[in-house]
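Engineer: Before we start, here is the structure in question, set down as structure tokens.
In this note's numbering, the protein residues as written are -11 to 52.
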């Protein structure tokens, strides 16, 4: 599900690159949630359960 994840601890912005090329940014994500995501055995499952539709988001773009 996820190709890459970036996180800015100052702003709480988490940027996720999905396998289909879509890039989404999630706002106000706590550092603890990011750390739990990175430690998760199923990052896609964690994204679905604890980030997607939980934090404000917007689509940044889609990779070609």
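Positions of the beta carbon are idealized from the N, C-alpha and C atoms, including for glycine.
All figures in this text were calculated on a predicted structure; none of them were measured in a lab.
Do residue 48 and residue 25 have their CB atoms nearer than 8 Å?
Structural biologist: no
Engineer: With a threshold of 6 Å on Cβ separation, who are the neighbours of residue 17 within its own chain once the five nearest residues in sequence on each side are excluded?
Structural biologist: Excluding residues within five positions, the ones whose Cβ falls inside 6 Å are 0, 2 and 43.
Engineer: So for residue 48, helix, strand or coil by DSSP?
Structural biologist: strand
Engineer: Leaving out five residues on either side along the sequence, give the residues of the same chain with a beta carbon under 6 Å from the beta carbon of residue -5.
Structural biologist: 2 and 22
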